[in-house]
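Quick notes on the structure that follows.
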Amino acid sequence: MTTPNHEDVLLKRITVNPRIFGGKPIIRGRRLAVEHVLAMLAAGDSHETILQGYPWMEPEDIQACLAYAHRLVGHERIEPLPLESAS
Numbered sequence: 001m002t003t004p005n006h007e008d009v010l011l012k013r014i015t016v017n018p019r020i021f022g023g024k025p026i027i028r029g030r031r032l033a034v035e036h037v038l039a040m041l042a043a044g045d046s047h048e049t050i051l052q053g054y055p056w057m058e059p060e061d062i063q064a065c066l067a068y069a070h071r072l073v074g075h076e077r078i079e080p081l082p083l084e085s086a087s
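Residue numbers (UniProt numbering): 1 to 87.
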């Protein structure tokens with residue numbers, strides 16, 4: 001029997017329900033979208049700041065959001081942006 005890897009365990013913290021947030025991924029049992037957590041991180045908020053603002057969150061919830069984004073981006077084909085022409 002194989003054991004689930006760490007990322008798979010983290011991803012169990014993320015759920016999708018079409019009736020909640022229009023089907024966007026959220027932290028399970030809460031109405032906090034993964035994209036909101038990622039936006040806070042992108043804006044420069046530290047894990048500690050996020051955890052202080054959401055005392056019910058656990059550090060693994062933040063890791064789960066990052067793992068979700070990693071898995072999502074890992075399956076996308078990204079086309080290079082066209083270069084601007086010098087006019």
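We treat Cβ as the ideally placed atom computed from N, Cα and C, and that holds for glycine.
Local conformation of ALA42 per DSSP, three classes: helix
The region 43-50 in contact with the region 13-32 per 3-pair CB rule at 8 Å: no
Reduced DSSP category for ILE62 - H, G, I as helix; E, B as strand; rest coil: helix
Cα-Cα separation, ARG71 to ARG31: 21 Å
Own chain partners of ALA69 with C-beta closer than 8 Å, once the 5 adjacent residues on each side are dropped: VAL34, LEU38
PRO25, buried or exposed, once every other Cβ within 10 Å from all chains shown has been counted against 16: buried
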